[in-house]
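A.B. asks: Under the numbering used here, the letters of the sequence shown match residues 33 to 791, in that order.
C-beta: ideal position from N, C-alpha, C; glycine also.
Given the structure is predicted, the values throughout are model-derived calculations rather than measurements.
Could you have a look at this structure, given as structure tokens, before my questions?
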Amino acid sequence: MGKGSNTSIDIYCRIKPARSPSHYFASDMVENKVDFNIPRDGEAGYVNNRREHYEYKFNGVIGTDAKQDEVFERVARPPIDSVLKGINGTIFAYGQTGSGKTFTMTGGAERYIDRGIIPRSISHIYSEIAKKSDSQYAVHISYMEIYNETGYDLLHQDADTKTLEDLPKVTLLEDEDGHYHLRSLSMHRANTEEDALNLLFLGDTNRTISETPMNLASSRSHCMFTVNVEARTGGDKVRRSKLHLVDLAGSERVSKTGVDGVTLREAKFINLSLHYLEQVIIALQEKSTGLGRAHVPYRNSMMTSVLRDSLGGNCKTAMVATINCEMDQLDESISTCRFAQRVAMVSNVVMVNEELDPNLVIKRLKGEIKDLKEELRLVKGEEADRGPLTQGEIERLRQQLVTFVDGDGTDADMNWSSMMHLRMAFTLFKDMVKSGGGPGPPVAGKMKALADNEEDGASASEASSPSASVEMKGGGKGKEGGSASDDQSNDLVKKLRLQVQQRDNEINILVTMLKKAQGGVGPVLRDVNPQGANAAAVEALQRARPAAFTENGEAPGPTASAGSPAASTSKEMITKEVMSSVDLLADRNKASFEHFRKSYRKNEAIEENKALLKQKYGEAKALGEQVNAARQRINQMKAQIEQQRVERSMKLVAEGLDPAEAPPDPEEEQVKAVIEREKVGYKETFNQLRDLKKEIEHLQRLLEQSRQKLQSDFEAWLGVMMKQKVAERTSSEMGSVRASQESLTGLAAAGRVSGDSAV
Ligand code: ADP
Ligand code: MG
Numbered sequence: 033m034g035k036g037s038n039t040s041i042d043i044y045c046r047i048k049p050a051r052s053p054s055h056y057f058a059s060d061m062v063e064n065k066v067d068f069n070i071p072r073d074g075e076a077g078y079v080n081n082r083r084e085h086y087e088y089k090f091n092g093v094i095g096t097d098a099k100q101d102e103v104f105e106r107v108a109r110p111p112i113d114s115v116l117k118g119i120n121g122t123i124f125a126y127g128q129t130g131s132g133k134t135f136t137m138t139g140g141a142e143r144y145i146d147r148g149i150i151p152r153s154i155s156h157i158y159s160e161i162a163k164k165s166d167s168q169y170a171v172h173i174s175y176m177e178i179y180n181e182t183g184y185d186l187l188h189q190d191a192d193t194k195t196l197e198d199l200p201k202v203t204l205l206e207d208e209d210g211h212y213h214l215r216s217l218s219m220h221r222a223n224t225e226e227d228a229l230n231l232l233f234l235g236d237t238n239r240t241i242s243e244t245p246m247n248l249a250s251s252r253s254h255c256m257f258t259v260n261v262e263a264r265t266g267g268d269k270v271r272r273s274k275l276h277l278v279d280l281a282g283s284e285r286v287s288k289t290g291v292d293g294v295t296l297r298e299a300k301f302i303n304l305s306l307h308y309l310e311q312v313i314i315a316l317q318e319k320s321t322g323l324g325r326a327h328v329p330y331r332n333s334m335m336t337s338v339l340r341d342s343l344g345g346n347c348k349t350a351m352v353a354t355i356n357c358e359m360d361q362l363d364e365s366i367s368t369c370r371f372a373q374r375v376a377m378v379s380n381v382v383m384v385n386e387e388l389d390p391n392l393v394i395k396r397l398k399g400e401i402k403d404l405k406e407e408l409r410l411v412k413g414e415e416a417d418r419g420p421l422t423q424g425e426i427e428r429l430r431q432q433l434v435t436f437v438d439g440d441g442t443d444a445d446m447n448w449s450s451m452m453h454l455r456m457a458f459t460l461f462k463d464m465v466k467s468g469g470g471p472g473p474p475v476a477g478k479m480k481a482l483a484d485n486e487e488d489g490a491s492a493s494e495a496s497s498p499s500a501s502v503e504m505k506g507g508g509k510g511k512e513g514g515s516a517s518d519d520q521s522n523d524l525v526k527k528l529r530l531q532v533q534q535r536d537n538e539i540n541i542l543v544t545m546l547k548k549a550q551g552g553v554g555p556v557l558r559d560v561n562p563q564g565a566n567a568a569a570v571e572a573l574q575r576a577r578p579a580a581f582t583e584n585g586e587a588p589g590p591t592a593s594a595g596s597p598a599a600s601t602s603k604e605m606i607t608k609e610v611m612s613s614v615d616l617l618a619d620r621n622k623a624s625f626e627h628f629r630k631s632y633r634k635n636e637a638i639e640e641n642k643a644l645l646k647q648k649y650g651e652a653k654a655l656g657e658q659v660n661a662a663r664q665r666i667n668q669m670k671a672q673i674e675q676q677r678v679e680r681s682m683k684l685v686a687e688g689l690d691p692a693e694a695p696p697d698p699e700e701e702q703v704k705a706v707i708e709r710e711k712v713g714y715k716e717t718f719n720q721l722r723d724l725k726k727e728i729e730h731l732q733r734l735l736e737q738s739r740q741k742l743q744s745d746f747e748a749w750l751g752v753m754m755k756q757k758v759a760e761r762t763s764s765e766m767g768s769v770r771a772s773q774e775s776l777t778g779l780a781a782a783g784r785v786s787g788d789s790a791v
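What follows is the structure in structure tokens.
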């Protein structure tokens, strides 16, 4: 891990649109500052402070008309880009209830363009990951709500969740090194953006459903959405970083209407954990200025413990202070801005969280040890605990040598397990050279070739292929068998093999053409369709052809072998088709590919799959619309509940009552019941859509596979055609070749015409 660099927390002020903004408030988007200019005897009469002018500077002031994408770009992008580089990131929203924290972090419930920082961060992370092909990424997501010092897992999948208490409780553990761990907080692997967005949606739904007027969760709890990114860039290093996206509890304080002499600074937070958050910030501020205590009381609350790294630790952190500029909200807005100023003084130290993956290191070291041990044994020479090499070992060594000498490569795949083996190998090799070769004929040939230095690498590899070695024997029967005639027969073999390959390809195409041309008239023809019942027979026929040729010097054509009169009557037609296809292919143009594609026997399957895919797309679209509609209905109801709660509690507070003691609202209970029902339907449709998606992806994979196969088959076919033309041109004088060609298959005409057209 490298040395970290110091960085401060970036602070942004976002001003919520107001119906009647106070004229005591002013914002400056150029200088990035906000001004509160309140007369000593303020109209509202509740500001009792000697100062009357407050000015706060920010890294950015975001005006009332700013759109969510702008907020994302300015606030969220730098921490997220850090996270993608392996540095932790945190973005948190702070402000009084109703000032726009949730709107900023999660977004508005309805319009797509109102998506907040969390969904936008998700999209951004996945699209950036997709661009980085050199690394392997794994993303895990968790979502937690902290209410009254207890954590709740919002990603609990149970559809029966009705209250916060139904969610699994999360506890905080501190290990020996002082690191915190959250127990029972589920982490979900999210392979795609859609997975992650669904998790966010699940958590948000649980968040709204579990809220009751008694706990007023939205204003009194903190929510933390965490994205864990793990990147492997090759080697044995792994980079891990976390992105915390935090929607804090409302920062409003008691004694809002201010008793005489009570300064804003002394006003108490409703939420105790925000009080501890402030304590942490003050301690960090003092620490960074070199004054005061070094101890930072992170341990006092769950939220500060969890945010330990984000505040004063290894993290790139940004804060959004949300403020409301209506007259009666100004004092809270001033508190929020003041808190932000303290936060700006906190100094973090960021560094890339790169560590060695122990498993990969162990694997690498084990390999190294094995190599070193072997090397050592080799250097040490003969092993002390054994006698000389046995006959069996010597024989095995000889076989390995033969294989090596006979093979194409220059690398010997031999087991030099000791100096003894090495010495013996040299002895054997010497014997082989002296005796003009080894035990087997291929080695003999090769040895001679080495000595005469006559054969090149390409023909040597030809000679080692099984069909060629059979042919060499066959050729040798009729001739004296010198090296010159070997060369000739090699040439011949090359050409003939090329032809056999070409015929195979042609047959595949012809069989399909025949089937099409005859329109299913000839039953025998239908039988030779490779996709039909007799596919195995056709395949066997094709496989048998090269062997038949090498044994008899000529091979029967496929039509003769099929023994079908229908096939021979259509021979002329096929031949014409093939001739024209060869001509088309000669200039490698698009038309030749089209021609090939149309006669391609797998083409029908491709077309069928395409049609099916189209149909599935249609179904998916319809289902998707249903899912979106259900999602939107749920979101609207959630927003409705939220709105009513804020209004109700504001009313209660205004009346001097504690909202926590108010009875449940029957209207809200009704809406919740509807949400419950919608949730069930949503889940069902969503599952259907997910299954369909899997099916579609499968079809897409199938199609892609077929496409690639078509391409490579075409290229192979074309390659053979081209090669053959070249071969024919360069050796047109070899009458024997022409004769063999003609007798090779029953399609001699096709070969001759294609040869002529090339000249
Ligand atoms: P908080 O989470 O801070 O309690 P919310 O984000 O729920 O506040 O905002 C309260 C209401 O104000 C919501 O209806 C929200 O849609 C609206 N709102 C907040 N900020 C904005 C904004 N910048 N533009 C438009 N509407 C906003
Ligand atoms: Mg909120």
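Would you kindly work out how many angstroms separate the C-alpha atoms of A673 and P698, rounded to a whole number?
C.D. replies: The amino acid at residue 673 is misidentified as Ala; the sequence shows Ile. One C-alpha to the other measures close to 12 Å.
A.B. asks: May I ask you to report which of helix, strand or coil DSSP gives R143?
C.D. replies: coil
A.B. asks: Taking 8 Å as the cut-off, decide whether the C-beta atoms of P151 and L275 are in contact.
C.D. replies: no
A.B. asks: Consult DSSP for H213 and reduce its assignment to one of helix, strand or coil.
C.D. replies: strand
A.B. asks: Assuming the contact rule is C-beta atoms closer than 8 Å, S283 and F301 should be a hit. Round their C-beta distance to whole Å, please.
C.D. replies: 7 Å
A.B. asks: Could you name the residues that DSSP lists as bridge partners for Y126?
C.D. replies: A353
A.B. asks: Quick check: T336 and G127, are their CB atoms within less than 8 Å of each other?
C.D. replies: no
A.B. asks: Counting along the chain, where does the beta strand (DSSP E) carrying T258 start and finish?
C.D. replies: H254 to R264
A.B. asks: Return helix, strand or coil for D341, following the three-state DSSP convention.
C.D. replies: coil
A.B. asks: Any chance the region 307 to 323 sits against the region 383 to 401, with 3 or more Cβ pairs inside 8 Å?
C.D. replies: No, because fewer than three Cβ pairs between the region 307 to 323 and the region 383 to 401 fall closer than 8 Å, the two stretches do not touch.
A.B. asks: Which of the three DSSP states is assigned to R418 in this structure?
C.D. replies: coil
A.B. asks: Helix, strand or coil: which one does DSSP assign to Y44?
C.D. replies: strand
A.B. asks: Suppose only complete runs of 4+ residues qualify. What are the alpha helix (DSSP H) ranges in the region 635 to 703, listed by chain order?
C.D. replies: 635 to 686
A.B. asks: Can you name, in chain order, every residue of its own chain whose Cβ lies under 7 Å from the Cβ of D101, other than the five neighbours on each side?
C.D. replies: Here the set comprises nothing.
A.B. asks: Using CA coordinates, which residue listed in N260, N120, G140 and V93 is at the minimum distance from Q668?
C.D. replies: G140
A.B. asks: Which residue comes first and which comes last in the alpha helix (DSSP H) that contains A228?
C.D. replies: E225 to I241
A.B. asks: Indicate the three-state DSSP secondary structure (helix, strand or coil) for K526 in the structure shown.
C.D. replies: It is helical.
A.B. asks: Classify V294 as helix, strand or coil using the three-state DSSP reduction.
C.D. replies: Its pLDDT being 41, under 50, V294 is placed unreliably in this model, and the value from its coordinates should be taken loosely. In the three-state reduction of the DSSP assignment, V294 falls in the coil class.
A.B. asks: Compute the Euclidean distance between the alpha carbons of H156 and R663, then round it to the nearest angstrom.
C.D. replies: Rounded to the nearest angstrom, the two C-alpha atoms are 22 Å apart.
A.B. asks: In this structure, what does DSSP give as the bridge partners for P200?
C.D. replies: Note: P200 sits in no beta bridge, so no partner.
A.B. asks: Is P151 a contact residue of ligand 1, with contact defined as CB to any heavy atom under 7 Å?
C.D. replies: no
A.B. asks: On the premise that E197 lies in contact with S305, defined as a C-beta separation below 8 Å, what is that separation, rounded to the nearest angstrom?
C.D. replies: That pair is no contact at about 19 Å.
A.B. asks: Here's a check: name, in chain order, each residue in its chain whose Cβ is nearer than 7 Å to the Cβ of P473, leaving out the five neighbours to either side.
C.D. replies: Its pLDDT being 44, under 50, P473 is placed unreliably by the model, and nothing is read from it.
A.B. asks: Mind checking which residues open and close the alpha helix (DSSP H) that includes I366?
C.D. replies: Unbroken alpha helix (DSSP H) run through I366: L362 to M377.
A.B. asks: Out of E727, Q658 and S681, point me to the one whose CA is closest to E716's CA.
C.D. replies: Q658
A.B. asks: Whether or not the region 346 to 361 and the region 45 to 52 are in contact is what I'm after, with contact meaning three or more pairs of Cβ atoms, one per stretch, closer than 8 Å; do they touch?
C.D. replies: yes
A.B. asks: Measuring only from the beta carbon, is P12 closer than 7 Å to any heavy atom that is part of ligand 1?
C.D. replies: Any question about residue 12 goes unanswered here, given that the chain covers just 33 to 791.
A.B. asks: Excluding the 5 residues flanking S738 on each side, which residues of the same chain have their C-beta closer than 8 Å to its C-beta?
C.D. replies: K634, A637, I638 and N641
A.B. asks: Does ligand 1 have a heavy atom nearer than 7 Å to the CB of E674?
C.D. replies: Relative to ligand 1, the nearest heavy atom lies less than 7 Å away from the CB of E674.
A.B. asks: Can K670 be considered in contact with ligand 2, in the sense that its beta carbon sits closer than 7 Å to one or more heavy atoms?
C.D. replies: no
A.B. asks: From the DSSP output, read off the bridge partner residues of G183.
C.D. replies: I178 and V202
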